[in-house]
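Residue numbers (numbering that gives the first Met the number 0): 0 to 126. Where is the CB? At the ideal position from N, CA and C, for every residue including glycine. Right, one structure below, let's go through it.
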Amino acid sequence: MADVNRGNRPLSPHITIYRPQMTSGSSIMVRITGIATLVLAVFAVWWLLGVASSDAGFAGIDGFIRSWFGDLMLLGATWALWYHMLGRLRHVIWDFGYCLEVEISEKMGMGMFIGATVLTLFTMIVV
């Protein structure tokens, strides 16, 4: 028989009843950091083109990257690279069938945020 109530209810979790979860938030952040690293790769290419083109071209991009805004951008790029790498590692672990329980997945999501921050600070201190 046909379900007569099908048109009276949402087909997927609706915004009024959906509660954001750590696993979905960390997965979305992996996508955002992937896009951010792609955008920031443009600056690496721009820097390499400046090196290859002329002293004035190099001075322009190098001055921008060494400015306070460039330092802030590089800090964010470092965090994004670490976070994205940890997210990919989490997915490899999941692909092997490990750590699929909700509690462990939520701890891994929090660990990605903390781990990326610690690794970024470590990178900034060492480099």
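Among the options, nearest to residue i - alpha-carbon criterion
i	options	result
LEU39	MET107, ARG18, THR22, GLY75	GLY75
SER104	VAL41, GLY86, ALA115, ASP54	GLY86
LEU80	MET21, LEU118, TYR17	LEU118
ALA115	MET28, SER53, GLY96	MET28
SER25	ILE113, ALA43, SER53	ILE113
Same chain, Cβ closer than 7 Å to residue i, neighbours up to 5 away in sequence not counted
i	result
VAL89	Looking at the sequence itself, residue 89 is Arg, so the reference to Val does not match. For ARG89, where only same-chain residues beyond five positions count, the Cβ hits under 7 Å are MET107, MET111.
CYS98	ILE92, SER104, MET107
Beta-carbon separation (whole angstroms), residue i vs residue j, contact threshold 8 Å
i	j	result
PHE57	GLY69	That pair is no contact at about 14 Å.
ILE60	TRP45	5 Å
THR122	HIS83	Actually they do not touch by this definition, with Cβ atoms about 14 Å apart.
Run through the stretch 67 to 123 for me and flag every whole alpha helix (DSSP H) of 4 or more residues, listed as ranges in chain order.
You should have 67 to 94.
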